[in-house]
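For reference, the structure discussed in these notes is given below.
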Amino acid sequence: MTPGRRLPIILLLVLAPLLSPLARAVVAPENRLDIEGFAGQARSLDRLHSVLVAVGGEPVLAEVLRGPDLDQPANIKSLSKTIMAALVGVAIERGVFEGTEQSIAEVVSIPPNADDGVREITVGNLLSMQAGLQRTSGEYYGIWVNSNHWVNHALTRPFVAEPGGEMLYSTGNYHILSAALTETTGRSTLALARSWLGEPLNITIPRWPRDPQGIYFGGNDMRLSPLALLAIGELYRNDGRHDGEQVLPQDWVDTSWQPRGVSRYTDDHYGYGWFVTQLNGHDAYYGRGYGGQMLYVVPSLSVTVVMTSDPSPPSSPSFTQRLDDLMERHILPAVERQAAAPDDTRD
Numbered sequence: 001m002t003p004g005r006r007l008p009i010i011l012l013l014v015l016a017p018l019l020s021p022l023a024r025a026v027v028a029p030e031n032r033l034d035i036e037g038f039a040g041q042a043r044s045l046d047r048l049h050s051v052l053v054a055v056g057g058e059p060v061l062a063e064v065l066r067g068p069d070l071d072q073p074a075n076i077k078s079l080s081k082t083i084m085a086a087l088v089g090v091a092i093e094r095g096v097f098e099g100t101e102q103s104i105a106e107v108v109s110i111p112p113n114a115d116d117g118v119r120e121i122t123v124g125n126l127l128s129m130q131a132g133l134q135r136t137s138g139e140y141y142g143i144w145v146n147s148n149h150w151v152n153h154a155l156t157r158p159f160v161a162e163p164g165g166e167m168l169y170s171t172g173n174y175h176i177l178s179a180a181l182t183e184t185t186g187r188s189t190l191a192l193a194r195s196w197l198g199e200p201l202n203i204t205i206p207r208w209p210r211d212p213q214g215i216y217f218g219g220n221d222m223r224l225s226p227l228a229l230l231a232i233g234e235l236y237r238n239d240g241r242h243d244g245e246q247v248l249p250q251d252w253v254d255t256s257w258q259p260r261g262v263s264r265y266t267d268d269h270y271g272y273g274w275f276v277t278q279l280n281g282h283d284a285y286y287g288r289g290y291g292g293q294m295l296y297v298v299p300s301l302s303v304t305v306v307m308t309s310d311p312s313p314p315s316s317p318s319f320t321q322r323l324d325d326l327m328e329r330h331i332l333p334a335v336e337r338q339a340a341a342p343d344d345t346r347d
C-alpha cells in the first residue's frame with residue numbers, strides 16, 4: 001500500500017469490484033489532507049506500522065510505513081475490548097443479557113470459592129473496569145494466563161475496591177464477558193463476532209487465541225485489519241448504523257461513551273470499551289491496545305482514525321502519547337483546515 005507496494009493499475013481495475021467501498025477507496029492511497037512531510041513524520045515513530053484517516057466515511061489519508069498492508073489482519077491487543085463491548089451491546093439488544101445492571105451471576109457460572117460479593121458485580125461493572133476485583137493485568141497478567149482456568153481465576157481474585165467504584169484496568173473483566181456470551185448463547189465468541197459484526201459490516205474476523213476451556217480471549221489478541229477497524233469506528237461514529245442497518249442498539253454508542261471510571265495512568269475517563277478525552281479541543285473517544293494499536297473517533301469533525309504498531313514488547317507507555325500528539329499536531333489541524341477551505345479548493 002505504500003509507495004513501492006502499490007498494486008499495478010491493471011490489477012487494481014480487476015480487483016476493485018471485489019473490494020468493499022472502504023477498501024476500494026484506499027487501494028491507491030494518497031494524502032488528501034495535504035500534511036506536508038506526513039509520511040516522514042510518521043516514519044520517525046519507529047514502532048508505527050500504519051495510519052488510516054477517514055472524514056465523513058471517506059478515506060483521506062492512508063499510509064503503510066512498515067508491517068502488514070491495510071487489508072491484512074494485525075494483532076490489535078487490548079483494542080479487542082472495544083470489539084467485545086460492541087458484542088455486549090448487541091447481546092443486550094437481542095435479549096441474551098437483560099442489560100448492563102444485570103448481575104454477572106445470572107450470565108456466567110460463579111466458582112464456589114468466589115467471594116459472595118462477586119454476585120454484586122454487574123455486566124456494566126465489567127465493561128467499565130469497575131468490578132472491584134484485584135486486577136489480572138500488569139504485574140498479575142502472567143500468573144493469570146498461566147492458570148488452568150482463566151475465568152475462575154479472574155472471579156476469585158480478592159476485592160480491592162467496591163463494585164462500581166475505582167477503575168482497575170483488568171483484561172480478566174472482558175474475558176468473563178466472553179465466557180458469559182458463550183455460556184448464555186451456546187456459541188463461541190468468534191461465531192458471535194462473525195455473525196453480529198463481521199457479516200453486517202462485511203469485514204473478516206479471523207480466529208484468535210482461546211483459554212484452556214476453549215473460551216475465546218476476551219479483551220486481547222484479536223486480529224483485525226486497519227480497514228476492519230475503520231469499519232468499527234465508522235459504525236460508532238454513525239450511532240451504530242451501517243448501510244442503513246442498525247447493527248448496534250441505537251443508544252449503545254452514547255451509553256458506551258458516557259464517562260465512568262478514570263484511568264490512573266492517563267487521567268482519561270473510561271466508558272464501555274472506550275476511553276474518553278479531548279484532542280485539539282474536540283471531544284474524542286478511543287480504543288487502545290498494547291504497543292500502539294489505536295482507534296480514534298472525533299464526532300465533531302466526522303473523523304475516524306486507525307493506527308497500528310508493532311505489538312511486541314517492550315513498549316513504552318509514552319508511545320501512545322506520541323500517537324495522540326500526531327493526532328493533535330498534524331491530523332486534526334489538517335482536517336480543520338480542509339473543512340474551513342472554500343468549496344472550490346476541495347475536489
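In UniProt numbering, the protein residues as written are 1 to 347.
For every residue, glycine included, the Cβ atom is placed at its ideal position computed from N, Cα and C.
Supposed close pair residue i, residue j - CB separation, criterion 8 angstroms
{"i": "Val298", "j": "Leu326", "result": "About 13 angstroms; that fails the 8 angstroms criterion."}
{"i": "Glu93", "j": "Pro249", "result": "4 angstroms"}
{"i": "Arg223", "j": "Pro206", "result": "5 angstroms"}
{"i": "Leu79", "j": "Gly287", "result": "5 angstroms"}
{"i": "Ser225", "j": "Gln72", "result": "6 angstroms"}
{"i": "Lys77", "j": "Asp221", "result": "7 angstroms"}
{"i": "Glu234", "j": "Gly57", "result": "6 angstroms"}
{"i": "Phe275", "j": "Ser256", "result": "About 11 angstroms; that fails the 8 angstroms criterion."}
{"i": "Gly244", "j": "Val253", "result": "Actually they are not in contact, since the Cβ atoms of Gly244 and Val253 sit about 17 angstroms apart, beyond 8 angstroms."}
{"i": "Thr82", "j": "Leu295", "result": "6 angstroms"}
Cβ-based neighbour list, residue i, same chain, cut-off 8 angstroms, excluding 5 preceding and 5 following
{"i": "Phe97", "result": "Val88, Ala91, Val107, Val123, Ala180, Thr184"}
{"i": "Leu332", "result": "Leu279, Asn280, His282, Val298, Leu301, Val303"}
{"i": "Arg47", "result": "Gly291, Gly292, Ser309, Asp310, Ser315, Phe319"}
{"i": "Trp208", "result": "Ser80, Leu190, Tyr216, Phe217, Asp221, Met222, Arg223"}
DSSP-derived helix/strand/coil call for residue i
{"i": "Gly95", "result": "coil"}
{"i": "Asn125", "result": "helix"}
{"i": "Thr304", "result": "strand"}
{"i": "Phe159", "result": "strand"}
{"i": "His269", "result": "strand"}
{"i": "Ser315", "result": "coil"}
{"i": "Leu7", "result": "Any reading at Leu7 must be qualified, since the residue scores a pLDDT of 39, below 50, and its modelled position is unreliable; the value itself is stated next. Coil."}
{"i": "Ser225", "result": "coil"}
{"i": "Asn75", "result": "strand"}
{"i": "Gln250", "result": "coil"}
{"i": "Gly198", "result": "helix"}
{"i": "His242", "result": "strand"}
{"i": "Gly261", "result": "strand"}
{"i": "Glu328", "result": "helix"}
{"i": "Ser309", "result": "strand"}
{"i": "Arg32", "result": "coil"}
{"i": "residue 360", "result": "Because the chain in this structure spans residues 1 to 347, residue 360 falls outside the shown range and cannot be described."}
{"i": "Arg119", "result": "helix"}
{"i": "residue 351", "result": "With the chain covering only 1 through 347, there is no way to say anything about residue 351."}
Where the beta strand (DSSP E) containing residue i begins and where it ends
{"i": "Gly287", "result": "282-289"}
{"i": "Leu279", "result": "275-279"}
{"i": "Gln102", "result": "Segment: none, Gln102 is in no beta strand (DSSP E) and carries neither H nor E."}
{"i": "Ala42", "result": "From DSSP, Ala42 is part of no beta strand (DSSP E) but of the alpha helix (DSSP H) over 38-43."}
{"i": "Tyr174", "result": "Tyr174 -> not in any beta strand (DSSP E); alpha helix (DSSP H) instead, spanning 171-185."}
{"i": "Val51", "result": "48-55"}
{"i": "Ala193", "result": "From DSSP, Ala193 is part of no beta strand (DSSP E) but of the alpha helix (DSSP H) over 189-193."}
{"i": "Tyr296", "result": "293-298"}
{"i": "Val64", "result": "58-64"}
Close-in-space but distant-in-sequence residues of the same chain around residue i (CB under 7 angstroms, 5 per side omitted)
{"i": "Met84", "result": "Tyr174, Leu177, Ser178, Gly218, Gly219, Gly273"}
{"i": "Met129", "result": "Met167, Leu168, Tyr169, Ser170, Asn173, Gly261, Tyr270"}
{"i": "Val335", "result": "Leu33, Val55, Leu301, Val303"}
{"i": "Thr156", "result": "Pro111, Asn113, Ala114"}
{"i": "Asn125", "result": "Ala131, Pro163, Gly164"}
{"i": "Asn31", "result": "Phe38, Leu61"}
{"i": "Arg43", "result": "Leu65"}
Test item: CB-CB of residue i and residue j under 7 angstroms
{"i": "Ala154", "j": "Thr136", "result": "yes"}
{"i": "Pro259", "j": "Asn75", "result": "no"}
{"i": "Val306", "j": "Leu229", "result": "yes"}
{"i": "Leu61", "j": "Val53", "result": "yes"}
{"i": "Glu162", "j": "Gly132", "result": "yes"}
{"i": "Val51", "j": "Glu63", "result": "yes"}
{"i": "Arg119", "j": "Ser103", "result": "yes"}
Range of the contiguous alpha helix (DSSP H) that encloses residue i
{"i": "Gln338", "result": "332-340"}
{"i": "Tyr141", "result": "141-145"}
Minimum Cβ-Cβ distance from residue i to chain B less than 7 angstroms
{"i": "Val335", "result": "This model lacks chain B altogether; it includes just one protein chain."}
6 angstroms Cβ shell around residue i - same chain, five flanking residues per side excluded
{"i": "Pro158", "result": "Gln134"}
{"i": "His149", "result": "none"}
{"i": "Val160", "result": "Gln134"}
{"i": "Pro317", "result": "none"}
{"i": "Ile203", "result": "Ala228, Ala231"}
{"i": "Gly117", "result": "Phe159"}
{"i": "residue 381", "result": "One cannot answer for residue 381 here, as it falls past the ends of the chain, which runs 1 to 347."}
{"i": "Arg329", "result": "none"}
Heavy atom of the ligand GDP within 6 angstroms of residue i beta-carbon
{"i": "Glu139", "result": "The ligand GDP is not part of the structure shown, which contains no ligands of any sort."}
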